[in-house]
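Under my numbering, the first residue of the sequence shown carries the number 6, and numbering increases by one thereafter.
Only one structure is covered here, and it is reproduced in the block below.
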Amino acid sequence: MTEKAARRTFDDLIAEGASVPTEGWDFSWFEGRASEARPSWGYAGAMAGRLGGAGAVLDIQTGGGEVLDFALANASRRPRLVVATEGWPPNLAKATALLRPRGVAVVASPEDAPLPFADGAFDLVVSRHPVEARWEEIARVLEPGGVYFAQHVGPGSVHELVEYFLGAQPDERRNARHPDRERRAAEAAGLEIVELRAERLRVEFHDVAAVVHFLRKVIWMVPGFTVEAYLPRLRALHERIESEGSFVAHSTRHLFHARRGGAGRAPRP
């Protein structure tokens, strides 16, 4: 391949990665471009099982509503009440369009604001990859005996890619989502940890377009990421992938099953 052709290929990939819409949590565009091993517990399916035994359910930070939609479609029965929150306007619109036909109310709620619900309103609260778990609010909206069932992003997730662009990160950032820290915060809010599981999973980026789209979509990985700001690093990464193969990183995930103390009707296990 000539230098001019290689440059053109790089430009095409960059343009493609920069143009793909980022709203929602549908990652199907990455098929063939990037891959990530999935946690052994199968969160969406496990959520479906929980929904079948619940009465009133809240899904926090639902994204585009894709995970909740899947879980409702596969639940043995539909809860009498299902509500979801989302703070980013493009996701809010997408989640509303997807979930409204299932009778789900999608409520605009910023990630850092108190949840706009009464104390003890839900017997099941779920969330997949919340930006931050606000434990006091989760405990507040759960009824006594109610359950929080969620999959969180763990510490140092995809840190190989983050540090490729930002350099070595301080331990405080790499361990900010450590499950032991989250356990302590959850317990301080009055939740009992029933189960906490963690896994480290292989991630591969097969071309630079996938990297660009990923960093545009998961904006907290490299805060303020733009193609223009990181063009030299992106070009070097493209050349590295072309010569050495896919860029390998590792994601971390943990599964939380917590219960609010006190008597009450909890969802079936």
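From the three backbone atoms N, C-alpha and C, an ideal C-beta is built for every residue, glycine too.
As the structure is a prediction and not an experimental result, all values here were calculated from the model.
- Annotation: the continuous alpha helix (DSSP H) that includes V217 extends over V213 to K222.
- Counting along the chain, the unbroken alpha helix (DSSP H) around A102 starts and ends at P94 to L104.
- Distance from E36 to V208 at the Cβ level is roughly 14 Å; contact not present, criterion being Cβ atoms closer than 8 Å.
- A direct Cα-to-Cα measurement between L239 and V217 gives close to 8 Å.
- In chain order, G69 and E71 place their CB closer than 7 Å to the CB of D31, counting only its own chain and leaving out the 5 sequence neighbours on each side.
- In the structure shown, F261 adopts extended strand secondary structure according to DSSP, grouped into three states.
- Under the Cβ criterion (8 Å, minimum of three pairs), the stretch 129 to 144 does not count as touching the stretch 236 to 251.
- A residue is called buried once 16 or more other Cβ atoms fall within 10 Å of its Cβ, and S45, having fewer, is exposed.
- Under the three-state reduction of DSSP output, E141 falls in the helix class.
- L73 is positioned such that its CB atom lies closer than 8 Å to that of A89.
- One thing to note: H259 has its Cβ within 8 Å of the Cβ of H157.
- With a contact defined as Cβ atoms closer than 8 Å, E116 and E137 qualify at about 6 Å.
- Secondary structure of D64 (DSSP, three-state): strand.
- Residue ranges of uninterrupted beta strand (DSSP E) with 3 or more members, entirely inside the stretch 117 to 169 and ordered along the chain, are 127 to 133 and 147 to 158.
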